[in-house]
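Take a look at the structure below.
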Amino acid sequence: MKIKYEFVTGETVEIEVEENIGEVMAQIDRDIYRSNRRETNKHNSVEALEDKGIQLADESMDIPFFIEQQEMREALHNAMDKLLPQQRELIQKVFFTGKSISEIARAEGVDESSIRDRLKRIYKKLKNFSK
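As structure tokens, this is what we get:
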């Protein structure tokens with residue numbers, strides 16, 4: 002059996018070898034080719050796949066949970082829109098700016114219990130809007 006070698010310079014040499022050695026050499030060449038191909042496939046970048054139109058799923062994200070959260074945000078936003086401006090402002094002070102009930106009461110010159118009562122009424126309204 003003849004084996005052909007091609008050097009980097011482009012020079013080609015043929016060598017005569019026994020049949021069993023030729024088969025082993027051919028098997029080694031096939032194994033090297035397969036190994037290189039597997040290694041190349043491991044290194045396909047996400048960007049290259051996207052350029053080819055292939056999209057990969059983000060399995061770290063729980064899609065139903067994400068959709069449920071989005072729907073809850075929309076429902077809360079719609080309910081907040083139905084509140085009076087003073088009620089919206091109170092909710093924003095408590096939940097978005099992190100002010101305490103006592104701070105709000107002092108700033109408005111009222112008792113803390115009146116702020117709590119207003120919040121209870123607002124919560125009840127929001128609960129009714131969400132039904």
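Here the working numbering = 1-based position in the sequence shown + 1.
Cβ coordinates follow ideal geometry from the N, Cα and C atoms, glycine included.
{"Query": "Exposed or buried, what is Ile68 when buried is set at 16 or more other beta-carbons lying within 10 Å of its beta-carbon?", "Result": "exposed"}
{"Query": "Measuring CB to CB, does Leu91 end up less than 8 Å from Arg119?", "Result": "yes"}
{"Query": "Decide if the stretch 55 to 65 is in contact with the stretch 79 to 90; the criterion is three or more beta carbon pairs, one per stretch, under 8 Å apart.", "Result": "no"}
{"Query": "Does DSSP put Thr10 in a helix, in a strand, or in coil?", "Result": "coil"}
{"Query": "Can Lys5 and Glu17 be called in contact, C-beta distance under 8 Å?", "Result": "no"}
{"Query": "Beta carbon of Ala80, beta carbon of Phe130: below 8 Å?", "Result": "yes"}
{"Query": "Could you check if Ile64 is buried or exposed, using at least 16 other CB atoms within 10 Å of its CB as the buried criterion?", "Result": "exposed"}
{"Query": "Tell me the DSSP secondary structure of Glu60 in three-state form.", "Result": "coil"}
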